[in-house]
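Engineer: Last residue of the sequence shown? That's 206 in UniProt numbering, and every number before it is there in order.
Every residue gets a Cβ at the ideal spot worked out from N, C-alpha and C, and that includes glycine.
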Amino acid sequence: MPHLIYISREKRPKQPHHHKAGAMNVLTRISGLMTNAPFMLNLDCDMYVNNSKIVLHALCILLDSKGEKEVAFAQCPQRFYDAVKDDAYGNQLVALPMYIGSGFAGLQGIIYAGTNCFHRRKVMYGLSPNDIQNAKKDHGFTNGTLLSDKETIQKFGTSKGFVDSATHILKGTTFDHYKSLDLEAASEVASCNYEYNTAWGKEVGK
């Protein structure tokens, strides 16, 4: 059975916390230390899944050899009960996924919208489709360019455990998370000032 771990991130009155995007970044870093799984599920607490095979469907898309370069995430549309049935542009959310979203097909696809989404972790770390062929090399990548140790720290932050986990994801190698998982490291990457002077919120994460 999977573990359910509650994470309460640090917030300070004069420190920007970036709302949900900031929370997602914290969860991304901590899960990178815990399991470093190649995929992450983002599901809001007020949502539920009405299809028992949704994980299978998402992984079929994400694990497809063609999807490796073309699919960054797999997202299910939101549906709300007791909403106005003819409100196509409001609570029914019909226009966005069914019509407007289809129009983005030629522009690398629709944008991520809030919740109900399976993310590819290395894309969250800034890996572009053009970098996939180089992902077996050392360190991280940005637009096909190899990053030095110093640049990797400037991009991902100062946590050695997290930088190591991110490097393994970008290279496509196995990461022994049991050796690096500890409360001190998790607390460090969850701190409200961890993202300061890094690429988080710009090139990495949300």
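1. Going by other Cβ atoms of all chains shown within 10 Å of its Cβ, with 16 needed for buried, is residue 164 buried or exposed?
2. Could you work out which residue in 22, 172, 37 is closest to residue 7 when comparing CA atoms only?
3. Helix, strand or coil: how does DSSP classify residue 74 here?
4. Quick one: using the 10 Å Cβ neighbour count with 16 as the cut-off for buried, is residue 57 buried or exposed?
5. What are the boundary residues of the beta strand (DSSP E) that includes residue 117?
6. Please state whether DSSP places residue 197 in a helix, a strand or coil.
7. Are the CB atoms of residue 157 and residue 123 within a distance shorter than 8 Å?
8. Let me check one thing: in DSSP terms, what residues is residue 204 bridge-paired to?
9. Helix, strand or coil for residue 191? Go by DSSP, reduced to three states.
10. At the level of alpha carbons, what is the spacing between residue 44 and residue 205?
11. Alpha carbon to alpha carbon, how far is residue 84 from residue 28? Give it in angstroms, no decimals.
12. Report the rounded CA-to-CA distance for residue 210 versus residue 186, giving the unit in angstroms.
13. DSSP three-state label for residue 36, please.
14. Can you give the Cα-Cα distance for residue 148 and residue 154, rounded to whole angstroms?
15. Could you tell me which residues DSSP puts in a beta bridge with residue 107?
16. Could you compute how far the alpha carbon of residue 49 sits from the alpha carbon of residue 15?
17. According to the Cβ coordinates, are residue 54 and residue 76 closer than 8 Å?
18. What is the DSSP secondary structure of residue 25, reduced to helix, strand or coil?
19. With 16 other CB atoms within 10 Å as the buried threshold, where does residue 112 fall?
20. In this structure, what does DSSP give as the bridge partners for residue 50?
Structural biologist: The structure says:
1. buried
2. Comparing Cα positions, the closest option is 22.
3. strand
4. By the 10 Å Cβ count, residue 57 comes out exposed.
5. 117-120
6. coil
7. no
8. 200
9. Correct three-state label for residue 191: coil.
10. 17 Å
11. 35 Å
12. The structure shown does not extend to residue 210, since the chain spans only 1 to 206, so no value can be given for it.
13. coil
14. 10 Å
15. According to DSSP, residue 107 bridges with nothing at all.
16. 35 Å
17. Taking a C-beta distance under 8 Å as the contact criterion, residue 54 and residue 76 qualify as a contact pair.
18. helix
19. exposed
20. DSSP lists no partner for residue 50.
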